[in-house]
Amino acid sequence: LTASYRNDLTATSNFNVFSGLPDLFTTYGLRRREEERYIPLKLVSVHELKAAYEHTFNFGYSITAGFTNRALHPLGGFNFHYLTGADALHPNTIITSATISEICITQRFAWQERFLTGDFWRASLGSKFPVLSLQYAFGLKRIMGGQFNYHRLTFSITDTRLLGIGGKLRWNVDVGKILDRKSVV
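All residue numbers for the sequence shown refer to the numbering used here, where the first residue is 939 and numbers rise by one.
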């Protein structure tokens, strides 16, 4: 059983759905271009409340059910334009901050994963095999300020390979789809 609260600033609003943190490429590398310019990084205030229950089975399978409430407030001028209707041809809604409330269920399989365990903590030492994760999340409009209803499905595969004196190589592939989304407020 875990619970956490975060009140922090970050340099981007591109969050990894599993860790809740920005990733290297969206922060420092590959960024979207508009009108022949890179979109500048913005400071975003993040207020996040998370609670989750995880059950781990002996053969490397775990399942986690959790709730997240995340409020993003960009510092400085920021307006996000989007379409609210299927027949809308031009953005017809503008928001200056966003709040999501979601319930998610994550299944994770890490064959032969090893752990280091203490009285009140447990740390993964990794696995010789890739780790697979499947997450289903649904957004809850009007719950704790949540502005969106949606269904999201995400699959992830992660692996770490030791390269001898070259260090180690970590790679991750995330594939996701928002299955159903309904408009804001």
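Backbone N, C-alpha and C define an ideal beta-carbon position, used for all residues, glycine too.
Take Gly-1064, set aside five residues on each side of it, and the residues of its chain with a beta-carbon closer than 6 Å to its own are Thr-1098, in chain order. The beta carbon of Glu-1051 lies closer than 8 Å to those of Gly-998, Ser-1062, Leu-1063, Gly-1064, Ser-1065, Val-1069 in the same chain, with the five residues before and after it left out. The criterion of a C-beta distance shorter than 8 Å is not satisfied by Ala-989 and Thr-1002.
Around the beta carbon of Glu-992, fewer than 16 other beta carbons sit within 10 angstroms, so the residue counts as exposed. Nearest Cα to Lys-1115 within the set Ile-1081, Thr-994, Tyr-943, Ala-1075: Ala-1075.
Asn-996 is classed as exposed because its beta carbon has fewer than 16 other beta carbons within 10 Å across all chains shown. A residue is called buried when at least 16 other Cβ atoms come within 10 angstroms of its Cβ; Gly-1084 meets this threshold and is buried.
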